[in-house]
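To keep things clear, I will list the structure first and then write my remarks on it.
Residue numbers (this note's numbering): 10 to 236.
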């Protein structure tokens, strides 16, 4: 799932992360998780590193809270190469909450943050990993309008101590998005190139599109700027 904004956003490439995977330098490498029915998820491995998070004060369209500051990530992690698709969601969760259906390769959308953490736990359970989240006082079914939980906590002292799948932190998401760049977009400063890398209002027909059709960023992550 790309999960920077979860409340009606697609679950995506930055959707789920798992710590402890050791990348192979200068190679495109990762992990494939296979689900029933021939459904699979591919995760890219990203090495720990330091980057500038936020944006310069003079950058166009920035928000006041995007103060530029250095962040060091101390753990390698895996992150899905595309958004979580409707087919992946349905295989694990048994339903499809999306508005734009008709192709299982479209990203799942209309999911809440509670839905997202339930999905992460479901993938952990499927893979025989300890769940990253404790969910308590929950009601409803994940993927429906009425699902919510009274309390959500990590099963370990910090996100980095968990051993199951979880959502990325904001810093992990931006690190993955930037892919080693410091420009306004991961592909540079020219917004005219956006259509090469992203689906958005001007080229999507006002609906989501199957994942992975546009060019990825330098670290092999797709749809990081749209869809």
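Here a beta-carbon is modelled for each residue, glycine too, at the ideal position from N, C-alpha and C.
Unbroken beta strand (DSSP E) run spanning residue i, endpoints
| i | result |
| --- | --- |
| residue 53 | 49-55 |
| residue 43 | 39-43 |
| residue 59 | 58-62 |
Residue i Cβ short of 6 Å to the ligand GTP heavy atom set
| i | result |
| --- | --- |
| residue 225 | No copy of the ligand GTP appears in this structure; indeed no ligand is present at all. |
Sequence-distant residues of its chain with Cβ nearer than 7 Å to residue i (five each side left out)
| i | result |
| --- | --- |
| residue 171 | 141, 163, 164 and 165 |
| residue 145 | 158, 159 and 160 |
| residue 178 | 168 |
DSSP-derived helix/strand/coil call for residue i
| i | result |
| --- | --- |
| residue 89 | strand |
| residue 231 | coil |
| residue 126 | helix |
| residue 116 | strand |
| residue 194 | strand |
| residue 46 | helix |
| residue 97 | helix |
| residue 35 | Residue confidence is low: residue 35 scores 34 on pLDDT, short of 50, so the model does not pin down where it sits. Its coordinate-derived value is still stated next. Coil. |
Straight-line Cα distance separating residue j from residue i
| i | j | result |
| --- | --- | --- |
| residue 27 | residue 167 | 13 Å |
| residue 83 | residue 96 | 33 Å |
| residue 78 | residue 113 | 39 Å |
| residue 225 | residue 148 | 38 Å |
| residue 15 | residue 124 | For residue 15, the predicted model reports a pLDDT of 28, less than 50, meaning its position is unreliable; a value from the coordinates is still stated below. Near 9 Å, if we compare the C-alpha coordinates of residue 124 and residue 15. |
| residue 216 | residue 151 | 23 Å |
Whole-angstrom C-beta distance between residue j and residue i, which should lie under 8 Å
| i | j | result |
| --- | --- | --- |
| residue 25 | residue 132 | 7 Å |
| residue 55 | residue 228 | 6 Å |
| residue 184 | residue 51 | Between residue 51 and residue 184 the Cβ distance is about 19 Å, and since that is not below 8 Å, they are no contact. |
| residue 119 | residue 108 | 6 Å |
Residue range of the alpha helix (DSSP H) that includes residue i
| i | result |
| --- | --- |
| residue 187 | 179-187 |
| residue 206 | 203-206 |
Contacting residues, own chain, Cβ-Cβ under 6 Å from residue i (five flanking each side not counted)
| i | result |
| --- | --- |
| residue 130 | 140 and 142 |
| residue 99 | 105 |
Close-in-space but distant-in-sequence residues of the same chain around residue i (CB under 8 Å, 5 per side omitted)
| i | result |
| --- | --- |
| residue 202 | 194 and 196 |
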